[in-house]
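Here the sequence shown is numbered in the numbering used here, starting from 15 and rising by one per residue.
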Amino acid sequence: MGSSGIAITTTISGLNALSHRWLDTGMRSRGWLTWWRCGALLLVALLLGFAQGCAGPPERKPLPEDLYARSQVPGIPNARFWGDEAPPYAEDLMTLPPKELRARYPALVDQPIILLAISGGGSDGAFGAGMINGWTASGTRPVFSFVTGISTGSLMAPFAYLGPEYDYLVKKVYTTYTTKDLVKKRGLIGMIEIDAVADSAPLRAVIAEHVDEEIMQAIAEEYRKGRFLLIGTTNLDAERPVVWNIGEIAASGAPGALDLIHDVMLASASVPVGFPPQMFEVEVDGMRYDEMHVDGGVSREFFLFSFGVDDKALSKRLGAEGQAAVYIIRNAKLKPKWHAVERNILQIAGRTSSSFIRTQGIGDLYREFVGAKAYGFDYNLAFIPASFDAESKELFDPEYMNALYQLGYDLASKGYPWKKQPPGQKPQ
Numbered sequence: 015m016g017s018s019g020i021a022i023t024t025t026i027s028g029l030n031a032l033s034h035r036w037l038d039t040g041m042r043s044r045g046w047l048t049w050w051r052c053g054a055l056l057l058v059a060l061l062l063g064f065a066q067g068c069a070g071p072p073e074r075k076p077l078p079e080d081l082y083a084r085s086q087v088p089g090i091p092n093a094r095f096w097g098d099e100a101p102p103y104a105e106d107l108m109t110l111p112p113k114e115l116r117a118r119y120p121a122l123v124d125q126p127i128i129l130l131a132i133s134g135g136g137s138d139g140a141f142g143a144g145m146i147n148g149w150t151a152s153g154t155r156p157v158f159s160f161v162t163g164i165s166t167g168s169l170m171a172p173f174a175y176l177g178p179e180y181d182y183l184v185k186k187v188y189t190t191y192t193t194k195d196l197v198k199k200r201g202l203i204g205m206i207e208i209d210a211v212a213d214s215a216p217l218r219a220v221i222a223e224h225v226d227e228e229i230m231q232a233i234a235e236e237y238r239k240g241r242f243l244l245i246g247t248t249n250l251d252a253e254r255p256v257v258w259n260i261g262e263i264a265a266s267g268a269p270g271a272l273d274l275i276h277d278v279m280l281a282s283a284s285v286p287v288g289f290p291p292q293m294f295e296v297e298v299d300g301m302r303y304d305e306m307h308v309d310g311g312v313s314r315e316f317f318l319f320s321f322g323v324d325d326k327a328l329s330k331r332l333g334a335e336g337q338a339a340v341y342i343i344r345n346a347k348l349k350p351k352w353h354a355v356e357r358n359i360l361q362i363a364g365r366t367s368s369s370f371i372r373t374q375g376i377g378d379l380y381r382e383f384v385g386a387k388a389y390g391f392d393y394n395l396a397f398i399p400a401s402f403d404a405e406s407k408e409l410f411d412p413e414y415m416n417a418l419y420q421l422g423y424d425l426a427s428k429g430y431p432w433k434k435q436p437p438g439q440k441p442q
């Protein structure tokens, strides 16, 4: 640091101790607020001049906007696409002759199309993990045609996609790890010099441990049958959602395919300021550039229907029999909780964050409800009930997560009463 900087040895735990004096227990229990607290304190530090003379992160070579259409991940041309445009496979699905379509997507033939979306929610993803495993125990869990995941949802989506054989991994990931197993704290200087409050290397290690070569090959095999596993991130340069076709990556045979899958999963769960953004290398005409990606929840909490694909017409072309359906597991409560906000920057920032996430998620529920009705899909929604009142003592609290996992498991194993419309929507 420069001579005008202030030498300081405070760590995140110290900053949290300070902020805990200003936030009551109920507010502290919300994992998302931890990152906002630290982010707010980091901002204060910056304003006080702590960052003067500090070295920054590596220099970027960002992809110019006018080159995006021709850019690709090296060796995997169709690895990703914009989440607000038609995907590369849309034309095949809608225009291939029926015989070719059936040969290319055999897993979608003569059976209803079933879509599963797993939302963000941090440690509240334990609810979704319990739901997935309880669904298996109920004997009613279907084979999903499409599985999508965002943020915490991206961490369990591969296992939900592969089927009940991998339920044990879903439970392990959401019931056995603590904050220190997943997050490496940085000192204040480290926060300023780099790009985040914490280091996500431990989380990436956990992802790599469980999504190994065997898992990747299993994903590739299911993709060749015509099933899709899609994970969402946010391209921060473009301020747009991005969808990564994990099956395409897994089946590509590219040398770095497995590492790319790990990076995508980590990017989808990289809460801005909390975790570092993930940088992806792309190329155009032999030149290499980078893209900055962060948590998929920045642009939307979950997603289902693909732009440019008429799922109703697709079902007809595939000869699908039975009722097509969408299932949404929202790893959050939908009902707002009253809390008197004190007039300080941390409480205001935290309350604003939680309000934004909740209302954005409700908007997403309505978006997919409209899609389901337009395409003739049965709409099914699950979310954390308001009656669940356990408090989390840390960002990833095993006791809290086990309780939430068990709740999801119990509800699903007994036959979950799926909601047929978003909150406030009259039954139809």
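Glycine included, every Cβ here is placed at the ideal spot set by N, Cα and C. Predicted model, so just to flag it, every value in this text is computed and none were measured.
Excluding residues up to 5 positions away in sequence, Asn345, Ile398, Leu418 and Gly422 lie with their Cβ nearer than 6 Å to the Cβ of Phe141 in the same chain. Taking the Cα of Glu262 as reference, the smallest distance to any Cα among Lys75, Lys428 and Tyr103 is reached at Tyr103. The alpha carbon of Gly153 has as its nearest neighbour, out of Ser427, Gly438, Gln86 and Pro437, the alpha carbon of Ser427.
Looking at the backbone, the Cα of Ser168 and that of Met279 are separated by about 6 Å. In the structure shown, Phe141 adopts helical secondary structure according to DSSP, grouped into three states. Between the C-alpha atoms of Arg84 and Tyr341 there is a straight-line separation of about 35 Å.
Measuring C-alpha to C-alpha distances from Ala339 to each of Pro290, Met230, Gly136 and Phe383 identifies Phe383 as the nearest. Within the same chain, Val323 and Leu328 come within 6 Å of Leu107 by CB-CB distance, once the 5 residues on both sides are set aside. Beta-bridge annotation (DSSP): Asn259 is paired with Leu244. Secondary structure of Arg302 (DSSP, three-state): strand. The DSSP assignment places 139-152 and 166-176 as complete runs of the alpha helix (DSSP H) inside the stretch 139-182, in order along the chain (cut-off: 4 residues).
Within 10 angstroms of the beta-carbon of Ala117 lie fewer than 16 other beta-carbons, which makes it exposed.
Scanning Ser401, Glu413, Lys434 and Ser284 for the CA closest to the CA of Ile164 turns up Ser284. A check of alpha carbon separations from Asp304 across Arg241, Ala174, Thr366 and Phe294 identifies Phe294 as the nearest. In the DSSP assignment, Phe383 is bridged to no other residue.
In the DSSP annotation of this structure, Ile127 is not part of any alpha helix (DSSP H), being labelled neither H nor E.
When only Cα atoms are considered, Asp226 and Arg357 end up about 48 Å apart. In the three-state scheme derived from DSSP, where H, G and I count as helix and E and B as strand, Asn416 is classed as helix. Trp432 and Tyr393 have their alpha carbons spaced roughly 9 Å apart. Per DSSP, Asp403 lies in no beta strand (DSSP E) segment and is marked neither H nor E. For Ala339, no alpha helix (DSSP H) encloses it; the enclosing beta strand (DSSP E) starts and ends at Ala339 to Arg344.
Using a 10 angstroms sphere on the CB of Tyr182, the tally of other CB atoms stays under 16, which defines it as exposed.
Counting along the chain, Arg94 sits inside no alpha helix (DSSP H); it lies in the beta strand (DSSP E) bounded by residues Arg94 to Trp96. Contact between the stretch 142-152 and the stretch 211-229 is absent: fewer than three C-beta pairs spanning the two stretches fall below 8 Å. Counting along the chain, Tyr237 sits inside the alpha helix (DSSP H) bounded by residues Glu227 to Arg238. Within the same chain, Cβ atoms closer than 7 Å to the Cβ of Arg238 are found at Ala265, the five residues on either side in sequence being excluded. The three-state reading of DSSP puts Gln86 in strand, counting E and B together. A check of alpha carbon separations from Phe95 across Pro255, Val157 and Leu81 identifies Pro255 as the nearest. Gln374 sits in a helix when the DSSP states are folded into three classes.
Minimum Cα-Cα distance from Pro350 among the listed residues Leu332, His224, Glu73 and Arg372 corresponds to Arg372. Taking 7 Å as the cut-off, the Cβ atoms of Leu217 and Leu196 count as close.
According to the DSSP assignment, Thr192 belongs to no alpha helix (DSSP H), since it is labelled neither H nor E.
Per DSSP, the unbroken alpha helix (DSSP H) holding Pro112 starts and ends at Pro112 to Arg118.
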